[in-house]
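Numbering (my numbering), first residue to last: 493 to 775. Every residue gets a Cβ at the ideal spot worked out from N, C-alpha and C, and that includes glycine. Source: prediction; values computed, not measured. Data first, discussion second: the structure below is written as structure tokens.
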DNA sequence: TCTCAGGCACTAT
DNA sequence: ATAGTGCCTGAG
């Protein structure tokens, strides 16, 4: 493992602010121009300076992990081309530049999305940070404090009351259950990484508090299963209006439509539609 | 005061 | 199978 402290990465086709702020990822803290957070067990500071990404890390993080974390290892132009299947998508894709899917760590991603159930984007972020600060570990990078979400084994040993005081509400037992399953190896992220998507999805759904939507988010945002098409209320509304003449359609049908219509990179289509719907509305 | 927010589980049909 | 309903919590 390379011991990199500082460096930079060419990133002409990345909009860090949009990618960090679009609601796909939680727990990063923006201070001035720099985002501070964890990649695995390493605290990192990242900022964009024109066409490049400048980073500072604690020791022990491979440079290639930063590249993959930022989603820079895919051909964005080709992906966007593939999902631009109609005039609406042309408008959607043209509305924002450099939005990329980040490759999150599985555990923080699972936690974040369990918390996301029936919750607002800003609150999800607040709660993730609260848990990290109260129950996690403190790191320092570039003189800045960064708190890491507790490891599954640690969280599993926490009291439900402590978790509830972080604002998790009825999701507290879900988080504890997930932590126990991960630390016991019932949920094995390395195994999931090697599974067919459908099988991985079924396994993730055995976690209490994880249904179709959250399982799909974890597969898309942590395991790069770009063919998944998570259906939340925004996507449901958008797809109903744009592709089903505003008629009521069940989430599972929306999901299957999205996957078939957009194909290999349906997840990218989902993220762009989501961003567009939230930023511009759907008229 | 009441509704709603990037769902889910539980229950009754 | 599938449609209702309640849920922690805080912001508008």
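Beta bridge pairing from DSSP links residue 521 with 528. DSSP places residue 534 in the strand class (E or B) of the three-state scheme. For residue 502, the secondary structure class from DSSP, reduced to helix, strand or coil, is strand.
Residue environment: residue 653 is assigned as exposed (fewer than 16 neighbouring CB atoms within 10 Å of its CB, all protein chains considered). If the five residues before and after residue 757 are omitted, its C-beta is found closer than 6 Å to the C-beta atoms of 571, 574, 575, 718, all from its own chain and listed in chain order. The beta carbon of residue 656 sits closer than 6 Å to those of 664, all from its chain and outside the five residues before and after it, given in chain order. Checking the DSSP bridge columns, you'll see residue 545 partnered with 501, 540. In the assembly as shown, residue 683 is an exposed residue. Its beta-carbon has fewer than 16 other beta-carbons within 10 Å. Considering only 752, 699, 543, the residue with the shortest C-alpha distance to residue 577 is 752.
In terms of Cβ geometry, residue 557 and residue 636 do not form a close pair [threshold 9 Å]. Residue 615 places its beta carbon less than 9 Å from that of residue 659. Note that the C-beta distance between residue 501 and residue 555 is below 9 Å.
From the listed residues 633, 568, 508, the smallest Cα separation to residue 548 is found for 633.
Following the DSSP letters along the chain, one finds residue 629 in no alpha helix (DSSP H) but inside the beta strand (DSSP E) bounded by residues 629 to 633. Runs of the alpha helix (DSSP H) lying entirely within the segment 564 to 631 and spanning at least 4 residues, in chain order: 568 to 575, 579 to 586, 598 to 608, 613 to 627. Under the DSSP definition of a beta bridge, residue 637 partners with 632.
Residue 763: member of the alpha helix (DSSP H) spanning 758 to 772, first to last residue. Looking from the CA of residue 670, the closest CA among 598, 544, 566, 561 belongs to 598.
Residue 531 places its beta carbon less than 9 Å from that of residue 561. Just measuring C-alpha positions, the residue of 763, 700, 525 sitting nearest residue 728 is 763. For residue 536, the closest alpha carbon among the candidates 630, 769, 744 is that of 630.
Apart from the 5 residues on each side of it in sequence, residue 747 sits with its Cβ closer than 6 Å to the Cβ of 721, 723 in its chain, given in chain order.
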